[in-house]
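Residues in the sequence shown are numbered from 1 upward in steps of one, following the working numbering. Beta carbons: idealized from backbone N, C-alpha and C, even for Gly. Bear in mind the structure is a predicted one, so any value in this text is a computation, not a measurement. Notes follow once the structure below has been shown.
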Amino acid sequence: MEELKHLGSPIEFWEYFYEISKIPRCSGNEGKIREYINNEAKRYGFETEIDDVKNLLVKIPSKKDDSITVVLQSHMDIVCEKNKESHHDFSRDPLELESIELGDEKWITAKGTTLGADNGVGIAYQLAIMQLISSKKLNLDTINLKLLFTVDEEMGLKGASQLNREFAKGDFLINLDSEDDKTFTVGCAGGIQFRTKFKIYSQPIDDKNLIPIKIQIKGLLGGHSGVDIDKGRGHSVKFISQILWNVNKEFEIHISSIDGGNLSNAIPRESQAILFIHKAKKEDLFEFVNHHYREIKKLYNGIEPNINLVIEKLDKIDHFTIMAKKFQDTILNLFYVMPTGPLYFHPKIKGLVHTSMNFATIKTREQVIKTRISIRSISNYDKEILHDKILTLMNLANVEYQNYKYVKYPSWPPKFDSKLNTIARQVYKDLFDEEVEIQAIHAGLECAYFSDYFPEMEVMSFGPDIKGGHSPDERLRVKSVSKIWNILITLLKKLD
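Here you go:
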């Protein structure tokens, strides 16, 4: 890009951002970008280390004794998404960067693909710091500086979760993977995801007067079960469980299957059930179900504009079996009372969900019902308590079940009065004459692992404005780059 010199300061950032855009670095394929960073560090005379999972550490030691240690961290991988018409090959092709004007703002984007600003901006900041320290244009001699580059952040935080812990050890750690330049992130939720198998007790259909009915809930907005859980959106698994429980109380029905949701970290948008009922009760059932649908629709008016319920009679019944009555009653009771959504909010951060649960999926397969549950909490203690309560609920239901495929990740509890937080807020106020927003988020971040490894270490995340992340619409606001640079360098100089 010939116009790099017109993008503002630091020019070293833009030169590196352009260079690394030429290097393939999809998740799981970070070898070339790691080699590039490693070679640059050695060219500047800095020591490097690579751990067993291929995280990279660059050490820039202080020139005085008893210096504090500051870790600057980013991740090397990017999400590789492209438009349908794009012929881009992420394994070899450089990204095609271009600048665009939106209103009175200049943005950098890539033609038809993700830009890789998540987290290429962090890498570019770190490389620029290396170059400027080496050329003596930047003096950070009073701190031990560690530049940490992790792998596979976009694949379940793998690099952070399997890190050589000494790589992240320091007094302060600054993560450069945030996407709003008016916000400092100081905490995040941890989580537990697990799957459960419930053994189905079934029986054949032996009454010719029974007819099959399918009930579908669809058209919901869905969203991320962490950052969108506070939006009050509809939950299709909750709705189908609620409707079935009420139908089971009112009618003599025989359930064949319940299905809904697809991913542990997504609010389910669609669910369905197939049940059998005496043909003489068909119209009563339809009216009863539609009554509950109207009540749900009324409750979510203005929130779920496209919610839709479809109830219909099916023609073929040959391959269906039905649940035994006792099992049916028990499983519907359990699913009906299963919590989902925000359970309570943080007492100090307005609007932040403290603890939540997503009853994410139900799948009926041969002789088993499989479910996925995702628990999140800003407190590691509270997430374990909620997990134990769910198991207690299953035990009280007296059903045969097996839990498996556990995934656990730690929370990052906010430290509102930390030295890092206090100094960073003052730096922002001094530079821009306004208060910065301090936030924690209800989703998992790499910082949670670093904080978990070293609880006394103070951790913060910030970064420039990035919009459309993880999509070909990803773009980086140009002016925001210099803003974050000024914050970062000023903060580093004041931390000693």
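Which of helix, strand or coil DSSP assigns to residue i
i: Q216; result: strand
i: S74; result: strand
i: G45; result: coil
i: I33; result: helix
i: Q402; result: strand
i: Y300; result: coil
i: G156; result: coil
i: F462; result: coil
i: I375; result: strand
i: K467; result: strand
i: E230; result: Going by the sequence as given, residue 230 is Asp instead of Glu. In this structure, D230 counts as helix in the three-state DSSP scheme.
i: I349; result: coil
i: D284; result: helix
i: H292; result: helix
i: H224; result: strand
i: D259; result: strand
i: R195; result: strand
Residue i versus the options, residue with shortest Cα-Cα distance
i: K42; options: I50, K54 and V58; result: V58
i: D118; options: G469, S62 and I133; result: G469
i: G155; options: T109, S27, D171 and T321; result: The residue you asked about is not Gly; residue 155 is Met in the sequence shown. If we check each option's Cα against that of M155, S27 comes out closest.
i: I390; options: I378, N403 and S134; result: N403
i: Y509; options: F345, L221 and L244; result: Residue 509 falls outside the range modelled here, since the chain spans only 1 to 496, and no answer is possible.
i: K82; options: G190, Y344 and L115; result: L115
i: K136; options: K214, V407, Y44 and D177; result: Y44
i: F416; options: M460, Y453, N380 and M394; result: M460
i: H75; options: D228, L148, P414 and I375; result: L148
i: S377; options: V427, A448, K405 and I369; result: A448
i: V436; options: S264, F184 and D315; result: F184
Residue i versus residue j: straight-line alpha-carbon distance, rounded
i: G219; j: H235; result: 11 Å
i: R233; j: V353; result: 14 Å
i: P339; j: K249; result: 20 Å
i: P342; j: W485; result: 36 Å
i: G31; j: T490; result: 32 Å
i: I307; j: S271; result: 12 Å
i: K297; j: F462; result: 40 Å
i: I483; j: D181; result: Note that residue 483 corresponds to Lys in the displayed sequence, not to Ile. Rounded to whole angstroms, K483 to D181 spans 8 Å at the Cα level.
i: V399; j: V481; result: 56 Å
i: V368; j: T330; result: 14 Å
i: D382; j: I277; result: 43 Å
i: K467; j: V79; result: 14 Å
i: S202; j: E366; result: 10 Å
i: Y453; j: E166; result: 9 Å
i: P24; j: P347; result: 44 Å
i: L334; j: N395; result: 10 Å
i: V227; j: N209; result: 48 Å
i: L176; j: T371; result: 36 Å
Residue i Cβ short of 7 Å to the ligand SAH heavy atom set
i: R294; result: The ligand SAH is not part of the structure shown, which contains no ligands of any sort.
Check whether the segment 471-482 and the segment 107-114 are in contact - that is, three or more C-beta pairs closer than 8 Å. yes
Would the segment 254-265 count as touching the segment 311-328 if we require 3 or more Cβ pairs under 8 Å? yes
Does the segment 190-197 come into contact with the segment 125-141, if we say contact requires no fewer than three beta-carbon pairs (one atom in each stretch) closer than 8 Å? no
Counting beta carbon pairs with one atom in the segment 6-21 and one in the segment 50-66, are three or more of them shorter than 8 Å? Contact between the segment 50-66 and the segment 6-21 is absent, with fewer than three C-beta pairs closer than 8 Å.
Report yes or no: do three or more beta-carbon pairs, one from the segment 33-41 and one from the segment 14-23, lie closer than 8 Å? The segment 33-41 makes contact with the segment 14-23: 3 or more CB pairs, one atom from each, lie closer than 8 Å.
Runs of beta strand (DSSP E) wholly within the segment 321-367 (minimum 3 residues, chain order): 341-345 and 353-365
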